[in-house]
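Each residue of the sequence shown is one higher than the one before, starting from 1 at the first, in UniProt numbering. Ideal placement from N, C-alpha and C gives every residue a C-beta, glycine not left out.
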Amino acid sequence: MPLAPRSQRLRAFIVSYLALSTALVFAVHQVTMTNGLERLSRSGSVIAEQSADRLIAQLESYRELTDLTARHPQIAALIEGRSTAIRTSEFLLRTALITGAKEIHALDSKGQVLASSTFEETPSDIGEDWSERADVVAARTRRMGVFHSADEDGLRSYYFARSVLRDDASPQGYMVIKVNMDELEGEWRIDETVVAFFDSAGVGFVSNRPTLALTYDASLAQVPIGTFDYPEKLLSPLADHSVTAGNGRTIWKFSNATAMPDHALVVSKDVPLIEMTVRAFMDAGPALGEARLMAALVAAILSLFGLGFAIFVQSRARLADQLRLEAEANSKLEARVATRNAQLQKAQDDLIQASKLTALGQMSAGISHELNQPLSAIQNYAVNAQKLLERGREPEAQENLTLISEQTQRMGRIIHNLRGFARKETEPLERVNVAEVLEASLGLAAQRARSEGVSVKVETLPEAWVDAGQVRLQQVIVNLLSNAMDAMTHSVPKEITVSLSQRRGQVQLVITDTGPGLADIERAFEPFYTTKEIGASKGLGLGLSISYGIIGSFGGLLSVENMDHGGAAFTITLPALTMQEAAE
Numbered sequence: 001m002p003l004a005p006r007s008q009r010l011r012a013f014i015v016s017y018l019a020l021s022t023a024l025v026f027a028v029h030q031v032t033m034t035n036g037l038e039r040l041s042r043s044g045s046v047i048a049e050q051s052a053d054r055l056i057a058q059l060e061s062y063r064e065l066t067d068l069t070a071r072h073p074q075i076a077a078l079i080e081g082r083s084t085a086i087r088t089s090e091f092l093l094r095t096a097l098i099t100g101a102k103e104i105h106a107l108d109s110k111g112q113v114l115a116s117s118t119f120e121e122t123p124s125d126i127g128e129d130w131s132e133r134a135d136v137v138a139a140r141t142r143r144m145g146v147f148h149s150a151d152e153d154g155l156r157s158y159y160f161a162r163s164v165l166r167d168d169a170s171p172q173g174y175m176v177i178k179v180n181m182d183e184l185e186g187e188w189r190i191d192e193t194v195v196a197f198f199d200s201a202g203v204g205f206v207s208n209r210p211t212l213a214l215t216y217d218a219s220l221a222q223v224p225i226g227t228f229d230y231p232e233k234l235l236s237p238l239a240d241h242s243v244t245a246g247n248g249r250t251i252w253k254f255s256n257a258t259a260m261p262d263h264a265l266v267v268s269k270d271v272p273l274i275e276m277t278v279r280a281f282m283d284a285g286p287a288l289g290e291a292r293l294m295a296a297l298v299a300a301i302l303s304l305f306g307l308g309f310a311i312f313v314q315s316r317a318r319l320a321d322q323l324r325l326e327a328e329a330n331s332k333l334e335a336r337v338a339t340r341n342a343q344l345q346k347a348q349d350d351l352i353q354a355s356k357l358t359a360l361g362q363m364s365a366g367i368s369h370e371l372n373q374p375l376s377a378i379q380n381y382a383v384n385a386q387k388l389l390e391r392g393r394e395p396e397a398q399e400n401l402t403l404i405s406e407q408t409q410r411m412g413r414i415i416h417n418l419r420g421f422a423r424k425e426t427e428p429l430e431r432v433n434v435a436e437v438l439e440a441s442l443g444l445a446a447q448r449a450r451s452e453g454v455s456v457k458v459e460t461l462p463e464a465w466v467d468a469g470q471v472r473l474q475q476v477i478v479n480l481l482s483n484a485m486d487a488m489t490h491s492v493p494k495e496i497t498v499s500l501s502q503r504r505g506q507v508q509l510v511i512t513d514t515g516p517g518l519a520d521i522e523r524a525f526e527p528f529y530t531t532k533e534i535g536a537s538k539g540l541g542l543g544l545s546i547s548y549g550i551i552g553s554f555g556g557l558l559s560v561e562n563m564d565h566g567g568a569a570f571t572i573t574l575p576a577l578t579m580q581e582a583a584e
C-alpha cells in the first residue's frame, strides 16, 4: 500500500494528538477535582460530626436539668397541692437564672401550665394548655420529649419535656425547659466553615451564620413547616443557588450570599438524637481552582510536547537508528531494574526471616528451660509409674500417666508456637485473631520475662479480627516485647503493660514499658538507628524498621511516644474486620 504524502500524515497526527490531549486534559481535571473534593468531603464529615457533638453537648446540660427538676420535691409538692404556684414559680425563676435556661415550666397531668419562671413578665403563661405539643406528648410515654420553634420576633427555642412520675410510675405532671438557641450559637460564629442544622421541615434551625437562621430548604422537608409553629413570614428560601455535579459530588453555586462560599461542597450528616440534619458548606473554590490549574498546566505541557514531537516527526528518518539504540538500551535497563527489584525483594524477605531467627536465638535459653521443665517432670512421673506398677498400685500409676500426657501437651503447645513463629509466610493476607497471636507471642517471651524479673500486665479481648499475616504479626509483637525488655535492663521497676482494644473500626495493641524512653523518637523507625551497642548480639537497628514495614503492609500503622512518667509506648493500629467479615 503506497505511503501517504508527509503533509497528510502530519495532519492526521495533529488531529489525533489534539483529540488525545483534550481527553487527557479533561481526565486530569476530573481526577484532580475528584481528589480535592474527596479530601474536602472527609474534612467536611469531621466538621459536621464535631459540630453535632458540640451542639448535643451544649443541649445535654439542659436535658439533665429537665430530669433533675422533674424529680425535685418542690415540683411534686406543687402538683400534689402541697405548695403554691407563686412559690414554685419563684423556685423555677431562680433555677433558670442559675442554669442559664430561658424558661422553665411545670405542667399538671392534663398538660396545663401550673407554674412558670416567667410568671412576673408574662403571667398569662400560667394556665396555658400544652397538652398537644410534641414534647409533652412524648413525655406522656415517659420518654424525653423534644420540640423546637420560633416566635414572631424570630427567636428560636428548643424545648425538653420530662414527666413527673407518681410512685406507681404513672405521670402526674410534666416539666418543660426552654433553651434560647441564639445564646448557644454565640461561640460558634468564629468558625471558618459554614455549618447549619436543618430539621425535618427543612428549616435551618441552628447555624454559625445568623443569615442562615430560619432559611428553608425544600429538599430536606419531610413534614409540614407548621409542625414546629414557625411564623411563615420569617422563613426565607436558602440563598439562590444552582447545583452542579462534581464527578458524583454535589457542589452548590451561590449568588449574592455573603455568608456562603461562591462554590460549596455540601456534606450532610443525620443527627437522630436531636432529629436534625447537619450540613457543612465546605468552600470548594480552592479544589476547583487547583483542578483548573492542573488542567491548564497539563495542556501547556502537552502543547510544548506536541510541538516538539511534530518537529521530531519531520526528522524521524535521521533519528531512527538513534531511537532504535535507545530502545534497546531501555529494554536492557528495564530488565536490569526488574532483576534488581527481585533481588531487593528477596533480600527483604531474607532480612525479615533473619530478624525472626535472631529473636529465636535470643529466646533459645528460655525456650530450652520451658522444654526442660516438662521433660524432667515426665521422667519423674515415668519412674514413679514404673515403681507403682511393680507394687501393684495401678490407679496411682494411671494418675502419673495422665500427668505425663498433660506435660506432653504442654511441650506440644510450646513447639507449635515456636514452629509457627519460625516458618516463612507468603504475602497474601488472611483473617487473623489478634488476641490469639498476642497469647502465642506472650508465651514465647514469658521465660525471658521471668528470668529478668519483668512483670507483664495484660488487658486483652477474646476476639479482635484483622486482615494480616499471622506469622509476621507475631514477629512484630515479639520484637516489641523483646525491645521493651532490652530497654528496662537498668530500670526499677521492670513492668510491661500490654493492652488490646477495639473501637471505631480499629484494633489497637499498645505495649508500654518502664524504661528510659527514646532519646530521638523522630528516628525510631529509621533503618540502622538503634540505642543499643552495635553487634551481633545487640542488633543492627533494623527491628523497628522491619516491624514498621510489616504493619504498613497490613494497611495499619506502628507509632511510638514517650510517656510522661517515663518509658515508651508502641501502638499497633489495624483496620478491624466486622463479625460478618471475620466469619466469612
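Boundaries cannot be given for F119, as no alpha helix (DSSP H) includes it and DSSP labels it neither H nor E. Residue environment: Q470 is assigned as buried (16 or more neighbouring CB atoms within 10 Å of its CB, all protein chains considered). The alpha carbon of G226 has as its nearest neighbour, out of Y17, R523, A484, F147, the alpha carbon of F147. Between the alpha carbons of A327 and N35 lies a distance of about 35 Å. Under the three-state reduction of DSSP output, Y174 falls in the strand class. By a beta-carbon distance limit of 8 Å, G285 contacts P261. Their separation comes to about 6 Å. A Cβ-Cβ separation of about 6 Å places A48 in contact with V267 under the 8 Å criterion. Runs of the beta strand (DSSP E) spanning 3 or more residues and lying entirely within the stretch 464–536 occur at 465–468, 495–503, 506–513, in chain order. By the C-beta density criterion, G127 is exposed, having fewer than 16 other C-beta atoms within 10 angstroms. Under the three-pair Cβ rule at 8 Å, the stretch 490–497 counts as touching the stretch 511–525.
Around the beta-carbon of G145, 16 or more other beta-carbon atoms lie within 10 Å, marking it buried. By DSSP's assignment, F281 forms a beta bridge with V194, V266. With a 10 Å radius around the Cβ and a threshold of 16 neighbouring Cβ atoms, S545 comes out buried. Under the three-state reduction of DSSP output, F554 falls in the coil class, being neither helix nor strand.
With respect to the 8 Å criterion, T88 and E103 are not classified as neighbours on the basis of their beta carbons.
Scanning its chain for C-beta atoms nearer than 6 Å, with the 5 sequence neighbours on each side dropped, one finds around S455 the residues E495, in chain order.
The stretch 162–182 makes contact with the stretch 66–81, as at least three CB pairs between them are under 8 Å. For V498, the closest C-alpha among the options I251, N180, L480, Q506 is that of L480. Under the three-state reduction of DSSP, K387 is assigned to helix.
Bounds of the alpha helix (DSSP H) holding R94 are 85–99. Comparing alpha carbon positions, the residue from S315, A76, V337, A106 closest to R166 is A76.
R156 sits close to A213, with the two beta carbons spaced by under 8 Å. In this structure, the beta-carbon distance from I177 to A101 falls below 8 Å. Taking all protein chains in view, the Cβ of I477 is crowded by 16 or more other Cβ atoms within 10 Å, so the residue is classified as buried. In terms of Cα proximity to E152, the closest of D229, R94, T573, E192 is D229.
Taking a 10 Å sphere around the C-beta of N483, we find 16 or more other C-beta atoms and assign the residue as buried. In the DSSP assignment, L78 falls within the unbroken alpha helix (DSSP H) covering 73–79. Closest in alpha carbon position to T211, among P237, G453, V28, D67, is P237. Judged by DSSP in its simplified three-state form, I104 adopts strand.
The alpha-carbon of L500 is positioned some 10 Å away from that of E463.
One alpha carbon belongs to S547, the other to T578, and they sit about 25 Å apart.
One Cα belongs to T571, the other to I521, and the distance between them is close to 14 Å. Looking at the DSSP output, F312 bridges to nothing.
For R162, the enclosing beta strand (DSSP E) starts and ends at 156–165.
For S236, the three-state secondary structure derived from DSSP is strand.
For V203, the beta-bridge partners assigned by DSSP are Y216.
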